[in-house]
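Counting in the numbering used here, the sequence shown runs from 96 upward without gaps.
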Amino acid sequence: MTNTLKNNELVTGITILAVLRYTHRLNILKCLLIEPLLSYTEVLSALSRKNSSIKSIDDLIIKRSIAFSNFSERYFENLILSINSIMLFQQMKLLNIEDDKVVYCGEKFNFSDSSLGKIVEKRIKAAEHLATILCKGEASDMYLALRIRL
Numbered sequence: 096m097t098n099t100l101k102n103n104e105l106v107t108g109i110t111i112l113a114v115l116r117y118t119h120r121l122n123i124l125k126c127l128l129i130e131p132l133l134s135y136t137e138v139l140s141a142l143s144r145k146n147s148s149i150k151s152i153d154d155l156i157i158k159r160s161i162a163f164s165n166f167s168e169r170y171f172e173n174l175i176l177s178i179n180s181i182m183l184f185q186q187m188k189l190l191n192i193e194d195d196k197v198v199y200c201g202e203k204f205n206f207s208d209s210s211l212g213k214i215v216e217k218r219i220k221a222a223e224h225l226a227t228i229l230c231k232g233e234a235s236d237m238y239l240a241l242r243i244r245l
């Protein structure tokens, strides 16, 4: 995939699916944080390292000193993309929506397929660490920490 395909429903959907592979189910509000978080180059780089020590949103903000001043805008810019990706991957039967949770159904998806490209490969590497972060705490606390204005 080229840089022109960096932000599209397939890339975002695979990224959400990769996180769900570790959580199995996740509150939809937390799923909507995946794309805006991993679209930050610094966040993606930090979380895609095998030895990443980031375990929470607070760690990401404080320890990594990543500037999140425009995160609310980034969140809303990516909101439709994230929702479309979730709907597309639900139609593809790779995930399901149950109440307020997004549920993993992608057991047959091949995350190691080289045709996915470098961008997706790096996001897949970051997925496990991001899953750990998203499983800790309430979505409302994460939205508050990231200063998302609803």
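Here a beta-carbon is modelled for each residue, glycine too, at the ideal position from N, C-alpha and C.
* Asked: Distance, Cα to Cα, T227 vs L176?
  -> Here residue 227 is taken as the residue at index 132 of the sequence shown, counted from 1. Here residue 176 is taken as the residue at index 81 of the sequence shown, counted from 1. Those two C-alpha atoms are separated by around 23 Å.
* Let me know if T110 comes out buried or exposed under the rule of 16 or more other beta-carbons within 10 Å of its beta-carbon. => Sequence index remark: in the sequence shown, residue 110 carries index 15 (1-based). The Cβ neighbour count for T110, taken over all protein chains shown within 10 Å, is at least 16; the residue is labelled buried.
* What number of angstroms, rounded off, separates the C-alpha of N103 from the C-alpha of L190? -> The residue labelled residue 103 in the question sits at position 8 within the sequence shown. The residue labelled residue 190 in the question sits at position 95 within the sequence shown. Taking the straight line from one Cα to the other gives about 17 Å.
* Is the CB-CB distance between S134 and R169 below 9 Å? -> For the purposes of this step, residue 134 is taken as residue 39 along the sequence shown, with counting starting at 1. For the purposes of this step, residue 169 is taken as residue 74 along the sequence shown, with counting starting at 1. The answer is yes: Cβ separation under 9 Å.
* Looking at the structure shown, is R169 part of a helix, part of a strand, or coil, going by DSSP? -> Along the sequence shown, one-based indexing puts residue 169 at 74. Residue state, collapsed to three classes: helix.
* Asked: Going by DSSP, which residues form a beta bridge with E137?
  -> Taking the first residue of the sequence shown as 1, we reach residue 137 at position 42. None; E137 has no bridge partner.
* Residues that R120 bridges to, as DSSP identifies them -> In the sequence shown, residue 120 corresponds to position 25, counting from 1. The partner list for R120 (beta bridge, DSSP) reads V198.
* Residues that DSSP places opposite E193 in a beta bridge -> Within the sequence shown, residue 193 is the residue found at index 98, counting from 1. Under DSSP, E193 takes part in a beta bridge, and its partners are K196.
* To the nearest angstrom, report how far apart E216 and A240 are at their CA atoms. => For the purposes of this step, residue 216 is taken as residue 121 along the sequence shown, with counting starting at 1. For the purposes of this step, residue 240 is taken as residue 145 along the sequence shown, with counting starting at 1. Distance between the alpha carbons of E216 and A240 is about 28 Å.
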